[in-house]
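Everything below concerns the one structure shown next.
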Amino acid sequence: MTDAPQLKLFNSLNRQLEPFVPIHEGEARVYTCGPTVYNYPHIGNMRAYVFADVLGRTLSWTGHKLTHIINITDVGHLTDDADAGEDKLEKMAATQKQSIWDIAEHYTQAFKADVKALNIREPAEWSVATDYIDAMIDFAKQIAPEHCYQLESGLYFDVSTVEDYGRLARAVTEEGEGRIDTVEGKRNAADFAIWRTTPAGETRQMEWDSPWGRGAPGWHLECSVMGGKLLGFPFDIHTGGIDHREIHHPNEIAQNQAYCGCGGLDDATHSGARYWMHNNFLVDRTGKMSKSSGEFLRLQLLIDKGYHPLAYRMMCLQAHYRSELEFSWDGLGAALTRLKRMVMGIRQATSAAYNQAPNVTAPNWPDDRVDALREAIDNPKLAALVDKFVAALADDLNTSVALTVLEEVLATKKVPIDQKAILARAMMWPLGLEPLPREDFRIRPKDAVITEDEIEQALADRKAARAEKDFAKSDAIRDDLAAKGVEVMDGDPLGWEWKLG
Ligand code: AMP
Ligand code: ZN
Numbered sequence: 037m038t039d040a041p042q043l044k045l046f047n048s049l050n051r052q053l054e055p056f057v058p059i060h061e062g063e064a065r066v067y068t069c070g071p072t073v074y075n076y077p078h079i080g081n082m083r084a085y086v087f088a089d090v091l092g093r094t095l096s097w098t099g100h101k102l103t104h105i106i107n108i109t110d111v112g113h114l115t116d117d118a119d120a121g122e123d124k125l126e127k128m129a130a131t132q133k134q135s136i137w138d139i140a141e142h143y144t145q146a147f148k149a150d151v152k153a154l155n156i157r158e159p160a161e162w163s164v165a166t167d168y169i170d171a172m173i174d175f176a177k178q179i180a181p182e183h184c185y186q187l188e189s190g191l192y193f194d195v196s197t198v199e200d201y202g203r204l205a206r207a208v209t210e211e212g213e214g215r216i217d218t219v220e221g222k223r224n225a226a227d228f229a230i231w232r233t234t235p236a237g238e239t240r241q242m243e244w245d246s247p248w249g250r251g252a253p254g255w256h257l258e259c260s261v262m263g264g265k266l267l268g269f270p271f272d273i274h275t276g277g278i279d280h281r282e283i284h285h286p287n288e289i290a291q292n293q294a295y296c297g298c299g300g301l302d303d304a305t306h307s308g309a310r311y312w313m314h315n316n317f318l319v320d321r322t323g324k325m326s327k328s329s330g331e332f333l334r335l336q337l338l339i340d341k342g343y344h345p346l347a348y349r350m351m352c353l354q355a356h357y358r359s360e361l362e363f364s365w366d367g368l369g370a371a372l373t374r375l376k377r378m379v380m381g382i383r384q385a386t387s388a389a390y391n392q393a394p395n396v397t398a399p400n401w402p403d404d405r406v407d408a409l410r411e412a413i414d415n416p417k418l419a420a421l422v423d424k425f426v427a428a429l430a431d432d433l434n435t436s437v438a439l440t441v442l443e444e445v446l447a448t449k450k451v452p453i454d455q456k457a458i459l460a461r462a463m464m465w466p467l468g469l470e471p472l473p474r475e476d477f478r479i480r481p482k483d484a485v486i487t488e489d490e491i492e493q494a495l496a497d498r499k500a501a502r503a504e505k506d507f508a509k510s511d512a513i514r515d516d517l518a519a520k521g522v523e524v525m526d527g528d529p530l531g532w533e534w535k536l537g
């Protein structure tokens, strides 16, 4: 086995692959921009957290002590990222005639349920923006004298006071193009509010006193403050969806430079983080991803239609995180089938391993560390596949190649079966697809008219009828099941006896 390859990550700040060298030896400190909890997340949003999870798992798996923070934005995110519009939470609370706190609580729980269903590991901390208001005010006080100015509508950051503003976004913001300059009196089109003062005569549900009047923090300020407080500047990696590369993250970077008294961005650590990583979008041509489109693409919709949530995770892993991924129901179905095959393959290898050595009670799965795995696998063919798998993940998290290597392991013949089983199972861990019992993959669509127990009973009756050569009865049972949306799969190579159509 060769030495582990150097982990390389694509740093959006420099638009290039760079070797990952932790700031604190042996550690990895990662901040991920969390959801704005004004509505259910759509599955596109969840792609951002699947990506961050694969990054975190890869870092842990390759021996780094990971500290991962994901925030919850419960205040400050306006309906337009460029400082225009209303606060998303205030707007939803008004529409639903509920308190903002209730809205935030409800959608935070819904988000966490999706995180769990997608086997995304919990971060070290869910940092909630409204818990950090005092810290935000302190941060703003520190940078205000040199970098900010006050207008009636709030405290604004003057982007000309830091070097290399907008480098992360490249051309889009350099000239202030594409920005909405809605606020009168701004010095530069790209200047942004770090504190929004409540207009005279109005009250907001969420507002706090500050030196710049009663009001609420700007969205960009939140992430600067929570990242710096919980991970310390500079930390290693900051992640988010690619839309954040254009406005939110350039603004965070400008604030961080101001706070740290740092110069230009040729030294990436001046931005507050050494690497900035962004996942590309999940796109959906049917228009169901928009949260304003009524029934939109939530994870629960997939589950209601009978897809296991990990099928969606598999779909994400099949594409590189920096490529756009198009959603389709057929694609989701194919991802589910692929996942089922893997789970079945691992199960077959595992039971063959037990049959060969029944006295082995509990294999010591080296789940969460690659070095343990490398020690456990001494068969040269399999060891070469370990190298190939590790190299794929080290190559900017190339999960699509990693998946094919896992399948190669399952297809490899004439190797010790116990090593094959251990290896395939261990490779599921960094991908976040740890094997489930295969029964878990059957999910009842919401509109199913038959329970699993009834199906199992009908299949047992059918088997008995066939044993008695009563084929009329066996066919009748099959037709009855078909009418209830259950397809009987005689002779399925993977041993799935039925599926819900
Ligand atoms: P938000 O709740 O709007 O702040 O978004 C949460 C995360 O989802 C952010 O990292 C966004 O960049 C990301 N995101 C939004 N839409 C998509 C999409 N269609 N595909 C992938 N990521 C997305
Ligand atoms: Zn953020």
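One rule links them: number in the numbering used here = place in the sequence shown (from 1) + 36.
Virtual Cβ for every residue (Gly too), placed ideally from N, Cα, C.
The structure presented is a predicted model; accordingly, all values stated were derived computationally and were not measured.
For the pair Tyr76 and Tyr143, the CB atoms are nearer than the 8 Å cut-off. Distances between the C-beta of Gly276 and the heavy atoms of ligand 2 include at least one below 7 Å. The beta-bridge partner set that DSSP reports for Asp431 consists of Lys44. For the options Gly342, Pro452 and Val379, the alpha carbon positioned closest to that of Asp483 is the one of Gly342.
For Val451 against Lys505, the beta-carbon gap comes to about 43 Å, at or over 8 Å, which does not count as contact. Proximity annotation: ligand 2 has residues Cys69 and Cys259 in chain order, each selected because its CB is closer than 5 Å to a heavy atom of the ligand. With the rule of 3 Cβ pairs closer than 8 Å, the segment 79–93 counts as touching the segment 311–326. Residue environment for Glu492: exposed (fewer than 16 other C-beta atoms within 10 angstroms of its C-beta). Around Leu338, the same chain offers Ile79, Pro345, Ala347, Tyr348 and Leu368 as residues with beta carbons nearer than 8 Å, after the five sequence neighbours per side are excluded.
Shown here, Glu475 sits in a helix according to DSSP, grouped into three states. If you check the CB distance, Ala140 and His104 do not come in under 8 Å.
As computed with DSSP, Phe193 is found in a beta bridge with Cys184 and Phe228.
Look at Val441 here: in three-state DSSP terms it is helix.
Considering only Val485, Met463, Leu536 and Ala447, the residue with the shortest C-alpha distance to Arg478 is Leu536. By the CB criterion at 8 Å, Thr109 and Val73 fall inside the cutoff. C-alpha of Gly99 to C-alpha of Val406: approximately 8 Å in a straight line. The closest heavy atom of ligand 1 lies 7 Å or more from the beta carbon of Leu439. At a cut-off of 7 Å, the beta-carbon of Met313 does not count as near ligand 1: no heavy atom of the ligand is closer than that. Of the residues Thr386, His256, Gly70 and Asp320, the one whose Cα lies closest to the Cα of Gln455 is Thr386. Under the criterion of beta carbons closer than 8 Å, Ala88 and Thr275 qualify as touching, at roughly 5 Å. Runs of the alpha helix (DSSP H) lying entirely within the segment 260–297, each at least 4 residues long, are 284–296 in chain order.
Gln52 carries a strand assignment under DSSP once its states are collapsed to helix, strand and coil. Per DSSP, Ser510 is one residue of the alpha helix (DSSP H) stretching across Phe507 to Ala519. Collapsing the DSSP output to three states places Asn75 in coil.
In terms of CA proximity to Glu126, Glu243 leads the group Ile273, Glu533 and Glu243.
For Glu199, DSSP assigns no beta-bridge partner whatsoever.
For Trp248, the three-state secondary structure derived from DSSP is coil. Within the same chain, and ignoring the five residues on either side of Arg232 in sequence, the residues whose Cβ sits closer than 7 Å to its Cβ are Ser189, Gly190, Gly251, Ala252 and Gly254. The beta carbons of Ser359 and Asn316 sit about 6 Å from each other, so the pair counts as a contact at 8 Å. With respect to the 8 Å criterion, Tyr192 and Asp227 are classified as neighbours on the basis of their beta carbons. Partner residues in the beta bridge of Asn315, as assigned by DSSP, are Gly277. Linking Val261 to His60 through their CA atoms gives a straight-line distance of about 20 Å.
Within the same chain, Cys69, Asn107 and Glu288 come within 7 Å of Cys259 by CB-CB distance, once the 5 residues on both sides are set aside. DSSP places Ser364 in the coil class of the three-state scheme, outside both helix and strand.
In terms of Cβ geometry, Ser307 and Gln291 do not form a close pair [threshold 8 Å]. For Ala64, same chain residues with a beta-carbon under 6 Å away, outside a window of 5 residues either side, are Pro58, Leu95, His100, Leu102 and Asp272 in chain order.
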